[in-house]
Amino acid sequence: MVGEVMGTREEMLAMLRMMMMIRNFEETADKLTLRGKVSGGMHNSSGQEAVAVGVMSALAPDDVIATTHRSHHHTLAKGFSAREVMAELMTKATGVSKGRGASMHLGDVARGHFGGNGIVGAGMGIGMGAALGIKLAGDKKVAVGFVGDGGMNTGRTWEAVNMAAIWKLPLIVVVDNNQYAVETFIERVTAGGDLPKRASGFGLPASTIDGQNVLEVKDAVAKARDFALAGNGPTFLNAVTYRYYGHNVGEKGQYRTLEEIEDWRTNRDPIDQLAARLFADGLLDQATFDEMTASVEAEIKDAVEFAENSPNPDPADVMLNVDSGKLRG
Amino acid sequence: MEEVFIPALGMAMEEAYLEKWLKHPGDAVNAGDVIALIETDKAQVEVACETAGTVGKHRFEVGASVPVGETITVVLAPGESE
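Line by line, the protein sequences give chains C and R. Reading the first sequence from the start, the letters are residues 1 to 329 in my numbering. Reading the second sequence from the start, the letters are residues 1001 to 1082 in my numbering.
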């Protein structure tokens, strides 16, 4: 980890704790899903924490994100509580989306989260629309469109990049590149082999960054944000990361070797790397680390209890949020 | 004590058919050992344990349809009992 700007000790510890909280949330939610307590598909983001936390650490609270089917880490890092996200996974009335959306449809426009979705590459398109809205309104903020590596080979992604580039929209494209589109290794399906090269063809700054290094991600996004706020338009960041579990919970994952997974877990884990650096720099001691571990465990345990004890949505409200209600009697 | 259960492996999976017990009450097992074979709507699946120990009682017979999330047996640590 060289070259990044270190923040204050409080900022560093907050980033570490958020990554630890996301990891605990995901591993807990994974087990609950296997037990049949989570509705619909569930995509575990364990291993990808630094992308989410690095991005959100560089954004202002008013900045907008639009995400993908794998979005718990983005949503928690954006500041949504473990309680409301866990409750949404169990489709409870107290969930982020009032129990309508489950794991893949977390979001709240009022809080700058334009939602997850089940459409490959759509987070980028929605993020581009949000950036257009920001520009038309003359607001001083940016939008982040998250897309996976699978979304790099779908047409709408590049339509959105093109529009953002010609209109100089305040958009940051972040490829949460975990290298596998379900079972397909990215290198087997990416002509030209280099994603930033594709983006730079549209005339925007584009680079590959270490998605396991939260400080590098934060730095790159902070620069992209300044660039966008100065009216220069979009930036493309290919954040290379790795997911420790299958594409969805319950998947057997026989397309990767155990050695490969173990290597990423042991040698490139984003939480281990930041903790090691903070220990080495004297910003973290064992007592503080143990306290953080215990407080994260308590927070997730509380979130599970909250979700399990929350009511299901009331069937009488089934039409709520379907339309404006103006056309119905 | 580890509960070995029928995992939810798909969005629409509600139960599984218990096809075969590979480990029996009193058998010593290691983490990762396959305890039972089950069949879902789509595939045959191995249900393995995550810890080492001794297999407890079979809670279902071969041929049973078992709901998702239901515990089918346990793995007991030394000194534990059901």
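Each residue gets a CB set at the ideal place from its N, CA and C atoms; glycine is no exception.
Chain R contact for residue i (CB, 7 Å cutoff)
i	result
asparagine 309(C)	no
leucine 34(C)	yes
7 Å Cβ cut-off: residues of chain R touching residue i
i	result
leucine 258(C)	Those do not exist, as leucine 258(C) stays about 11 Å from chain R at its closest Cβ, beyond 7 Å.
glycine 41(C)	Met1011
CB contact check: residue i to chain C, cutoff 7 Å
i	result
methionine 979(R)	Chain R is shown only over 1001 to 1082; residue 979(R) falls outside these bounds and no answer can be derived.
Residues sharing a beta bridge with residue i, DSSP
i	result
phenylalanine 1005(R)	Thr1071(R)
serine 200(C)	DSSP output for serine 200(C) lists no bridge partner at all.
leucine 1039(R)	Contrary to the premise, residue 1039(R) reads as glutamate rather than leucine in this sequence. Tyr1017(R), Gln1044(R), per the DSSP bridge assignment.
leucine 185(C)	Looking at the sequence shown, residue 185(C) is not leucine but phenylalanine. Phenylalanine 185(C) pairs with Tyr180(C).
isoleucine 65(C)	His113(C), Val144(C)
alanine 1028(R)	Thr1054(R)
aspartate 108(C)	His113(C)
leucine 1076(R)	Thr1054(R)
valine 38(C)	Its beta-bridge partners do not exist; DSSP assigns none.
serine 207(C)	Leu237(C)
Neighbour list for residue i in chain R, Cβ cutoff strictly below 9 Å
i	result
lysine 37(C)	Ala1008, Gly1069
Partners in chain R for residue i, counting only beta-carbon separations shorter than 8 Å
i	result
glycine 250(C)	Pro1007, Ala1008, Leu1009, Gly1010
Residue i, enclosing alpha helix (DSSP H) - first and last residue
i	result
tryptophan 158(C)	155-166
serine 295(C)	286-309
threonine 91(C)	Here threonine 91(C) belongs to no alpha helix (DSSP H), and DSSP marks it neither H nor E.
asparagine 24(C)	9-34
lysine 135(C)	122-137
leucine 169(C)	Here leucine 169(C) belongs to no alpha helix (DSSP H), and DSSP marks it neither H nor E.
histidine 72(C)	72-77
First and last residue of the uninterrupted beta strand (DSSP E) at residue i
i	result
phenylalanine 146(C)	143-148
valine 55(C)	Unbroken run through valine 55(C) is the alpha helix (DSSP H), 49-58; no beta strand (DSSP E).
* **Runs of beta strand (DSSP E) lying entirely within the stretch 210-280 of chain C, each at least 3 residues, in chain order** => Listed in chain order, the beta strand (DSSP E) runs fully inside the stretch 210-280 of chain C are 235-240, counting runs of at least 3 residues.
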